[in-house]
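In our numbering, the protein residues as written are 5 to 314.
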Ligand SMILES: [Mn+2]
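Okay, structure coming up:
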């Protein structure tokens, strides 16, 4: 359980772009801070501590299974894991990406500090492809395959790629999705096979966002006893509100629906960690697109950290 008097908040900047093919997503942490992220958090009563990770390129990083940049991503996610674990033992940890491949590290890191934690994955995509099943080869579509243990990488995997990551630390009964609208056939089969709590945009349309959040939390955290890790991919929002992102998909959450999810999770009193990923300031047609994406991200973080409308 979260110690509610602990107002120490660790911002881990994870400027990593190697989990997908588009440059620019690595510039988001610095830009979000420049747009006032830290000050806004301080204004909500948190004591902030900021660190920025650095990731070393890996030479001759040939594919393993279908994964592109496997050694680079594995090393980066391990670095994220170490920082997130250390921070989560001391207070709230906000990891700012970077692409969503760092989620392998944040989920494992939060679970190392809070073994009972549940994960809410807010995303247009399910990000649970395996190294063999991924069509694109981009590991930002695979992070959940590792902590759930379905990745099927052999024990003696080349260069120990993702060997550092504790497998099966995340039980499927403790993972919930909200906002899905672009899961591929393999991911749909995984969701069905393991009976994962998955709420697509169809469910948001049908039940409304309040009931969806309530149902998701009831499925993975009945009794509200477990700590919560909220991993928010900005592409969960409709591209109208977050156009500057690598894999935008129409028909997403509105600004208010996104903020509502964060507010409702904050209200549980059990949120211990959040990721904000996939803001890419190189994408978008003009400056307004970039600004609105960054400000959507900041609004989500504030909503998760205690800001209320009244
Ligand atoms: Mn994602």
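Positions of the beta carbon are idealized from the N, C-alpha and C atoms, including for glycine.
DSSP state of residue i mapped onto helix, strand, coil
i, result
"residue 315", "For the chain, the structure presents residues 5 to 314; residue 315 sits outside this window and is missing."
"residue 99", "strand"
"residue 212", "coil"
"residue 198", "coil"
"residue 176", "helix"
"residue 154", "coil"
"residue 17", "strand"
"residue 248", "coil"
"residue 88", "helix"
"residue 122", "strand"
"residue 235", "strand"
"residue 300", "helix"
"residue 69", "coil"
"residue 265", "helix"
"residue 1", "The chain is shown from 5 up to 314; residue 1 falls before or after that span and cannot be answered."
"residue 308", "helix"
"residue 217", "helix"
Check: residue i C-beta below 7 Å from any heavy atom of ligand 1
i, result
"residue 282", "yes"
"residue 131", "yes"
"residue 144", "yes"
"residue 127", "yes"
"residue 233", "no"
"residue 188", "no"
"residue 104", "yes"
"residue 237", "yes"
Buried versus exposed call for residue i [16 or more other C-beta atoms within 10 Å across all chains shown]
i, result
"residue 186", "buried"
"residue 9", "exposed"
"residue 136", "exposed"
"residue 231", "buried"
"residue 304", "buried"
"residue 287", "buried"
"residue 290", "exposed"
"residue 167", "exposed"
"residue 103", "buried"
"residue 108", "buried"
"residue 158", "exposed"
"residue 221", "buried"
Close-in-space but distant-in-sequence residues of the same chain around residue i (CB under 6 Å, 5 per side omitted)
i, result
"residue 98", "15, 278"
"residue 76", "22, 62, 65"
"residue 124", "180, 234"
"residue 5", "Low confidence applies to residue 5: its pLDDT is 46, below 50, so where it sits in the model is not reliable enough to give any reading."
"residue 122", "178, 224, 225, 230, 232"
"residue 86", "none"
"residue 33", "17, 19, 100"
Reference residue i, options the options, closest by Cα
i, options, result
"residue 301", "79, 182, 239", "239"
"residue 115", "125, 94, 89, 295", "89"
"residue 84", "273, 267, 58", "58"
"residue 206", "182, 189, 197", "182"
"residue 151", "287, 132, 204, 254", "132"
"residue 138", "126, 155, 104", "155"
"residue 73", "25, 94, 113", "25"
"residue 96", "118, 312, 126", "118"
"residue 217", "250, 193, 257, 191", "257"
Cβ-based neighbour list, residue i, same chain, cut-off 8 Å, excluding 5 preceding and 5 following
i, result
"residue 79", "59, 60, 62"
"residue 36", "100, 280, 283, 298, 301, 302"
"residue 247", "287, 288, 289, 293, 296, 297"
"residue 251", "24, 128, 129, 186, 239, 282"
"residue 44", "302, 305, 306"
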